[in-house]
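I have placed the structure first, in the form of structure tokens, so that the comments after it can refer back to it.
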Amino acid sequence: MDAAITSAASRPVNILIVDDSKMMRAMIKRTLGIADVPLGEIYEAGNGAEALQVLEGQHVDVLFTDINMPVMSGTELLRTVAANERWRSVRRVIISTDGSASRRGEAANLDVRCYLEKPITPEVIRDVLTAVADDDVRS
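Residue numbers (this note's numbering): 10 to 148.
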């Protein structure tokens, strides 16, 4: 990674991983360790409703979310986050098997920074986290 990016993002980044697959959450969490970004807290949620509970009580910088989940979908979660002034600064990244044009169009209206289609590699997650963490520094 570029040294400028690494040094720019020196404040620890708190992350929320939202996916109904425990294995996917674990893979993303492991991958975060190889990112060139200082990590703060890493929170996990199995659906959008659980994610909202985390957001209510914790400071989150970056939100990685699946779209298709029980109880509350990622799209519903992102709509709620986008509508709440308190969470406007949370950088949002979708990681989903559904990469259809309609889903991507929906995401474009919800201030999503990146839309990744599963399966993804750890390197892609690392690069996206580095980019969105650096984006915070420039904002």
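C-beta atoms are modelled at their ideal positions from N, C-alpha and C, and glycine is treated no differently. Please read all numbers here as calculations on a predicted model, not as lab measurements.
Inset, instruction - Please look up how many angstroms separate the CB atoms of residue 54 and residue 25, rounded, as I've assumed it's under 8 Å. - result: Mapped onto the sequence shown, residue 54 falls at position 45. Mapped onto the sequence shown, residue 25 falls at position 16. 7 Å between Cβ atoms; contact.
Inset, instruction - Look at the alpha carbon of residue 73 and the alpha carbon of residue 49, and state the distance between them as a whole number of angstroms. - result: As a first step, residue 73 must be located in the sequence shown, where it is residue number 64. As a first step, residue 49 must be located in the sequence shown, where it is residue number 40. For residue 73 and residue 49, the distance between alpha carbons rounds to 15 Å.
Inset, instruction - Assign residue 18 to one of two classes, buried (16 or more other C-beta atoms within 10 Å of its C-beta) or exposed (fewer than that). - result: Translated into the one-based positions of the sequence shown, residue 18 becomes position 9. Its pLDDT being 45, under 50, residue 18 is placed unreliably in this model, and the value from its coordinates should be taken loosely. When all chains shown are included, residue 18 counts as buried.
Inset, instruction - List the endpoints of the continuous alpha helix (DSSP H) containing residue 37. - result: Walking along the sequence shown from the start, residue 37 turns up at place 28. From DSSP, the alpha helix (DSSP H) with residue 37 extends over 31-41.
Inset, instruction - Can you tell me which of 95, 75, 94, 79 puts its alpha carbon nearest to the alpha carbon of residue 116? - result: Position 107 of the sequence shown, counting from 1, holds the residue named residue 116. It is 75 whose Cα lies nearest to the Cα of residue 116.
Legend entry - Residue range of the alpha helix (DSSP H) that includes residue 111: Stepping through the sequence shown from its first residue, residue 111 is reached at position 102. Under the DSSP assignment, residue 111 falls in the alpha helix (DSSP H) whose first and last residues are 110-117.
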